[in-house]
Every structure is written in C-alpha cells, then in structure tokens.
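Taking it in order: structure first as structure tokens, then the write-up.
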Amino acid sequence: MMVGFSFRKHFLCMSALVVMALGAFDARAERTVVSGVAKSYAGKELALKCFSDQIVYTERLLANSVVDESGNFTFVVDVDSPVQAFVPMDVCRGFIYLEPGETYKISLPEYEERTLPQKLDPYFQPKDFLLSIEGLKKGDFNFQMMEFDDAFDYFSMKHLVYGAKKDSVLASIENMQNIFPDLTKPYQREFMDYRFLLLENLSDMSKDSVLLHFNKIGTNVYNSAFWDAFNNILNEFIAQTGGSEEFYIFKKIVEEENAKILFAMLQNRYGVTDVNLMELMAIKIIADLANNPIFNKENVFNLLHNMYGLLSSEENRKLLIAVETLVSSNFIGTYASDFEAFDHEGKARKLSDLKGKYVYINVCNSKVDKTLKDLNVLMRFHDAYKDNLVIVNLFLYDEVEDLAHYPAHFKAKMKFWQMPNPDAFRKIYGAVNVPSYFLIDPEGKFLMNGAEPNDELRILLQRILLKQ
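Everything in the sequence shown is counted per numbering that gives the first Met the number 0, starting at 0 for the first residue and increasing by one.
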C-alpha cells in the first residue's frame, strides 16, 4: 500500500538519481560490513545511506537492517572505492567512511525522537557527527580523515579570526601538506585538494583565480569534499556579482532563457573548461535564483529546462530533472504531486480522487493554536462554495486517532486527512511552515500557495468559483 507519494512528476527524477548513484559502484566492488549493538533501537529499522548529489541532497540507500531484540544490527554493502556514508536518526546523522572489503563495528547514541517543536521548525537540521568505531587506531582511513579535518577546522578558524591574506593561506596549505604526508590514497589526495580550495575561497584571492584552480583539479562527484567546495565557492554566485557588468549579462541570459550563452559565458569569461564542472555549475547557479525576487521564477525554470539538450552526460541530465522538480515544487501552473493520506477512519485517500474540483489544502497540526481558528473560517468557506470547492485539512505529525473528533465537531463538512510521511510531503510541496496553504485547480495544477484563510482568500474564491 502506498503511504507517501505516487511520484507522478518526481518518479523519473528519483529513479534517475538512483541510477546515477549506482555508477559509483561497479563489478570490482568488495563486500563491506558495518555492525553494532544499539539496544534502545530494538525492533526499529536502521538505514545506511550516502548522498547521490549535494545540490538537491538526494539520499541513496546502501543497506538497511532491522535491530533485533538484543540490539544487534548489521549492514552489508558492496563498494569499489571509499564512500562517505551515514546512518540517519531522527535528531542526528552519524557519518563514516567505508573502504572496500573492510569491517566496522560502530556504536550509536541512545534513541531519541524529535519533539513536536523540532518537527514543526522549518530550520531544524539533524546534528552531524562522526560515528564511533570500535578499535579505531592511528593510520586507519577514518582516523586519518578525522585528523585532517580537525587540522583543517583549526586553520579555517585561524584565518577567520586573524585574516586570510593570500600568502598566509598558501602557507597554511603548505603546512597541512607537510603535516599529512601519509594521506596518499587517491580519495584522500583529492579530498585535501578540495579542502584547500575552501581555504583559497576564504582568502582575498579573486573568485576567478579560485575557479581556475577548481577547474584544474577537476570534478569527482563521489568525493564528499568536492561538494563542500562546490557549494561554498558557488553559493549565490550570480547574486554576488550584483552591480557588475557580469550581473547584467547573467540577468539578460535568464530573461532570454538562453542556456547556450550561459555555457559560453562560464567557459569564456570564467575559464571553466572542465565540461562536468561547467554543467554542474550552470545547474547550481541558476537553481539558486529560484527564490531571488530580482529574477522571474518562470524564466529560471525555463532556463534550467533549456539546459537539458546541452548536457554531455546522462548523470547530469538526471540531476537536472531532480533540480527542476525541486525548483517547481509548488510553482503556479505546474501539476501538484499526487499523494495518499488517511481519513479519520483510517481509509486511504488520494488527492487525485478529487480531480475535477478546486481543492484547498490546509496543511496543519492539531497542537498548533492557529489550526482551530483556520478550521472555523474554512467551514464557512465550505458552506459558501461547497459545489465547486473541496477543503482538505491535511494533518502533519498527528495520528489518525487525533482526527477522530473533527468530523463530528464540524458536521463532516470538510475532509480531515492524516499524512503518514510528513517530511517527504513538506519537501515535495515546499511546505516550509505548518500551517501552509495551497489552492489547486480542477486540472490538478497549483493555482495559489500561501493563501491563508482570510478575507483576501474569500474575495479570490468569489471571483473564481462564482463564475463556475
């Protein structure tokens, strides 16, 4: 039974990213085992994951394990090169580097579930930490990576506090190279190079110089440090050129939705000749404009769409689809993703079952004070427009039994549904806050988002529905 989404427009992108991630693991893969004892997780299912990318941060499942009654769990995964993996928990994520053919025994913190305020907090992020590995010793891969990142953090803080002149930063990089001569594996050497780019970007070196160095190092999307450097160097890249000639060129490119000129500018103006880096850069810097009020969101979406035929690899085309999906999550005029929820009696209901009528979705929670106020207003809207409007009160982080009293209280005039996968719903619908509100037209397209139940919405509904 489906308990989340029938990903109508998201299915392709998620399938694509899984295929993209599989490219990292070939026939030379070796069996790697991660195990441990965590009694507080008994009966629960744990997952071992990695990121397929770190633009939309799609998670790829490597293995899962049901914790037995004694707390034992085991992950078995085949890898052909080092990979940074993590075990997601409700309030934290534990990271570990996996090498082909190795065996690790780890420990987990006591089980802890997010509180309701944490679940509702749009800015809540799980705390990241390094998993404790039994018998870890100096010279082990994970120990080496931990030592290097500790040193990197020290030098980064030093330059943040005392300044980051170019000569001083380059001296720090040379110092770190001398401290860690034993990091000789290809993954580690690349990791160090990408970390050093972060220091260069912190310095007074020009962005052009840093990009040229990035271009020279090249692209390895399977190295976690690549994404750290990539996201840091290119964060709000176009916005940071504000007021310059480059900014107005970028603005013209977006307005004309001209992907060819964008690629030409990255290559000729910024010297980005590494094709993979150039394509990933184009995707990111344009996607970053989606919520920038200076740029028209439709232009941004169309420009992303126009890149598709210019991309050189299937992996980047699949990533672009995922980015387009994220950017257009609740974009006016795009189809709202179908989802399945449960009514107050526990029966499965789908959004697509309501096609043909206007649907107002009130994303809410029974413990939020505003919910009752909104429900009282929406009941009046239902009475006025019931022939053409269906009101769905979609409860997040509530149980089905929490909804039981609502139909009787409101005389069954509206629908009361419980969303079983609230985090996924919020991501796909861009429902940052609870409450959130969406108006969907009879074709299943977004007509409005953020339409709070008030006089403005009443006037809008009059204009739309009384014409029917």
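All C-beta atoms, glycine included, are put in the ideal place defined by N, C-alpha and C.
Whose CA, out of the options, lies closest to the CA of residue i?
i      : options                        : result
LEU61  : ALA41, VAL86, ASP52            : VAL86
ASP440 : LEU198, SER51, ASP192, GLY332  : GLY332
ILE390 : GLN417, TYR359, ASP382         : TYR359
PRO434 : LYS426, ILE427, LEU265, GLY449 : GLY449
SER64  : PHE300, ASP397, ASN305, GLY42  : GLY42
HIS158 : TYR122, ARG268, ASP203, ASP148 : ASP203
LYS165 : MET264, LEU201, GLN176         : LEU201
GLY138 : THR114, LYS126, ASP67, LEU182  : LEU182
GLU189 : PHE225, GLU323, LEU169         : PHE225
ARG92  : LYS296, TYR103, TYR110         : TYR110
PHE179 : LYS346, ALA84, ALA150          : ALA150
PRO121 : THR370, VAL431, LYS444         : VAL431
LYS296 : VAL326, SER312, LYS104, ARG457 : VAL326
MET277 : ASP89, PHE294, LYS259          : LYS259
TYR221 : LEU438, GLN83, VAL399, ILE293  : GLN83
GLU101 : GLY308, ARG30, PHE445          : ARG30
GLU398 : ASN230, THR73, ASN420          : ASN420
GLU245 : PHE424, ASP207, ALA407, ASN214 : ASP207
ILE284 : LEU233, LEU310, MET306         : LEU233
VAL209 : VAL55, LYS251, VAL32, LEU169   : LEU169
ARG348 : ARG462, LYS414, GLY355         : LYS414
Skipping 5 residues on each side, what residues in its chain have a beta carbon closer than 8 Å to that of residue i?
i      : result
GLY22  : In this predicted model, GLY22 has a pLDDT of only 45, less than 50, meaning its place in the structure is not dependable; the value taken from the coordinates is given anyway. Cβ within range, chain order: GLU314.
GLN176 : MET191
LYS184 : PRO81, PHE140
TYR96  : PRO81, VAL82, GLN83, ALA84, PHE140, ASN141, MET144
Suppose you measure from the CA of residue i to the CA of residue j; what does that come to, to the nearest Å?
i      : j      : result
LEU59  : ALA46  : In the sequence under discussion, the amino acid at residue 59 is Arg, which differs from the Leu named in the question. Looking at the two C-alpha atoms, the distance is approximately 10 Å.
VAL376 : TYR436 : 13 Å
LYS317 : ALA403 : 43 Å
PHE262 : THR57  : 25 Å
LEU302 : TYR428 : 21 Å
ALA340 : TRP416 : 6 Å
SER328 : ALA335 : 8 Å
PHE236 : ILE216 : 20 Å
GLN239 : ALA281 : 15 Å
ASN361 : LYS372 : 12 Å
LYS126 : PHE380 : 42 Å
MET378 : GLY345 : 22 Å
SER205 : GLU199 : 9 Å
VAL160 : PHE94  : 28 Å
GLU400 : THR324 : 33 Å
ASN230 : GLY134 : 34 Å
LEU464 : ASP352 : 20 Å
PRO292 : VAL299 : 11 Å
ALA406 : LEU288 : The residue you asked about is not Ala; residue 406 is Pro in the sequence shown. Distance between the alpha carbons of PRO406 and LEU288 is about 43 Å.
Could you please give the first and the last residue of the uninterrupted beta strand (DSSP E) stretch that includes residue i?
i      : result
PHE85  : 82-87
MET418 : No beta strand (DSSP E) holds MET418; DSSP gives it neither H nor E.
THR31  : 29-36
ARG348 : 347-349
Which same chain residues, not among the five before or five after residue i, have their C-beta less than 6 Å away from its C-beta?
i      : result
LEU107 : ALA37
ASN275 : THR218
LEU460 : TYR384
ARG194 : PHE151, ALA224
GLY70  : VAL36, ALA37, LYS38, ALA41
LEU350 : ASP337, PHE338
SER34  : THR73, LYS104
THR370 : CYS363
Would you decide whether residue i is buried or exposed? Buried here means 16 or more other CB atoms lie within 10 Å of its CB.
i      : result
ASN364 : buried
ALA20  : Here ALA20 scores only 45 on pLDDT, less than 50, and its place in the model should not be relied on; the value that follows carries that caveat. Buried: at least 16 other Cβ atoms inside 10 Å.
ALA411 : exposed
VAL75  : exposed
ASP454 : exposed
GLU451 : exposed
GLU254 : exposed
PHE128 : exposed
PHE123 : exposed
LEU319 : buried
ALA321 : buried
TYR307 : exposed
TYR153 : exposed
Determine the extent of the alpha helix (DSSP H) in which residue i is found, giving its start and end residues.
i      : result
PHE300 : 296-306
ILE293 : Element bounds for ILE293: n/a, residue is neither H nor E.
TYR56  : Looking at the DSSP string, TYR56 is not in any alpha helix (DSSP H), and its letter there is neither H nor E.
ALA281 : 274-286
GLU468 : This structure gives no information on residue 468, because the portion of the chain shown stretches from 0 to 467.
THR370 : 368-384
LEU319 : 313-326
ASN231 : 223-233
ASN214 : 206-216
Which same chain residues end up closer than 7 Å to residue i when comparing Cβ atoms and leaving out the 5 residues on each side of it in sequence?
i      : result
PHE24  : Because the pLDDT at PHE24 is just 45, under 50, the model does not fix this residue reliably, and the value given afterwards should be weighed accordingly. The answer, listed in chain order, is ASP77, VAL78, ASP79.
LYS118 : TYR396
HIS304 : GLU323
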